[in-house]
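Scroll down for the structure; my scribbles are underneath it.
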Amino acid sequence: KNKQTMLDIMMLLDTTHLSDIRQEFIDAEDGLELTYFVRVMLKYLSKESVDEEHLVASLCELFAQVDVNGDATMEWDEFYGYIHEQGMAGQDESSSMMKYNSKSVFEDRSLPKKTETLTHYKGTDLVGITVHNSVKLLLYDIVARKQVHELTHKAAVLASTYLEHRGKKLILVSTCDQCITVWDTQSVWEASGFAEVTPPMMAPESQTSLVWDAETTTLYSGGVNGTVYTWDIATHEANAMKLQGHKSSVRAILHIPSLNAV
């Protein structure tokens, strides 16, 4: 019943309003009390063909479910954590909004046994494969179902990403010698090989993750010491903005525009 109440409410919520709801929580500073929470949710929920009295009752029930510490207030972390947890738990149920269709499994046993990461390069048929302690980045064509290229570096490969910017199609590869090598892939599509853009980008520490955000044209990288850096792809230099506070190496980065968060 608890999951169904949450799912019924989330079906009425346009997820583009999540950032607005988050701002309401931030403005309240000490969290939202029950009446204010109901007022905020009614403001952003679609109420077409819905009995408002029943909706208010469901929101009150949701508040009671989320307010686990019983302090009669709800904070954003409590709210978002709950809807995420319940949504993930409910994916196997018939009421889930996310549906997945299974496909036939394809096995390629020719790949290295010590494969560490697989990164799909958005907009292409290529997947970048890193292998433990290897200086090579393997490029695998998921349509042709075979390895089609390998890029060799001077130190072990840690992460890679693909981006298209100002007419350029680039693969960026971070290695344990603190370099981020930029490969121009345009020549690949012309079947004449890769061209390494020199000099490489130099990071303050080895970067264990790379993510390109096309919407903000920002390259994010996560370091072994727990710092997230942002880069100007045109100048190949790190920007002043850093995200610090992680206690160990950053292995994954995700930009969420609707929450204005990383």
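Residues 2 to 263 in this note's numbering are what the sequence shown lists, from first letter to last. All C-beta atoms in this analysis are idealised placements derived from N, C-alpha and C, irrespective of residue type, glycine included. Keep in mind the model is a prediction, meaning the values are calculated, not measured.
Supposed contact pair residue j and residue i - C-beta distance, whole angstroms, cut 8 Å
i    : j    : result
T131 : A160 : 7 Å
L173 : L211 : 6 Å
Y45  : D21  : 6 Å
Y83  : V67  : 5 Å
DSSP bridge partner residues for residue i (one or two, in chain order)
i    : result
C180 : M203
I257 : A262
H150 : L140
E197 : W184
L220 : W213, W232
M11  : Answer by DSSP bridge pairing: none, since M11 is not bridged.
Cα-Cα separation between residue i and residue j, rounded to whole angstroms
i    : j    : result
T209 : V158 : 9 Å
C61  : I257 : 28 Å
K147 : L138 : 14 Å
L119 : C180 : 20 Å
P113 : V144 : 19 Å
T17  : H166 : 26 Å
T74  : L33  : 5 Å
H55  : A262 : 33 Å
S59  : D72  : 19 Å
S193 : S259 : Residue placement at S193 is poorly supported in this model, since its pLDDT is 48, which falls under 50; the coordinates are not used for a value here.
T199 : T236 : 12 Å
G223 : E117 : 17 Å
K170 : L19  : 33 Å
L164 : E30  : 39 Å
E49  : F80  : 24 Å
C177 : E216 : 28 Å
K115 : D109 : 14 Å
T218 : D52  : 44 Å
Endpoints, alpha helix (DSSP H) assigned at residue i
i   : result
I27 : 19 to 29
V39 : 35 to 45
E62 : 53 to 67
Residue range of the beta strand (DSSP E) that includes residue i
i    : result
S210 : 208 to 214
N226 : From DSSP, N226 is part of no beta strand (DSSP E); its letter is neither H nor E.
A241 : 238 to 244
G129 : 127 to 132
E117 : 116 to 121
H166 : 158 to 166
Cβ-heavy atom distance, residue i to the ligand FAD, below 7 Å
i    : result
H247 : Questions concerning the ligand FAD fall outside what the structure shown contains, since it holds no ligand whatsoever.
**Prompt:** Between the segment 217 to 228 and the segment 246 to 260, are three or more C-beta pairs nearer than 8 Å?
**Reply:** yes
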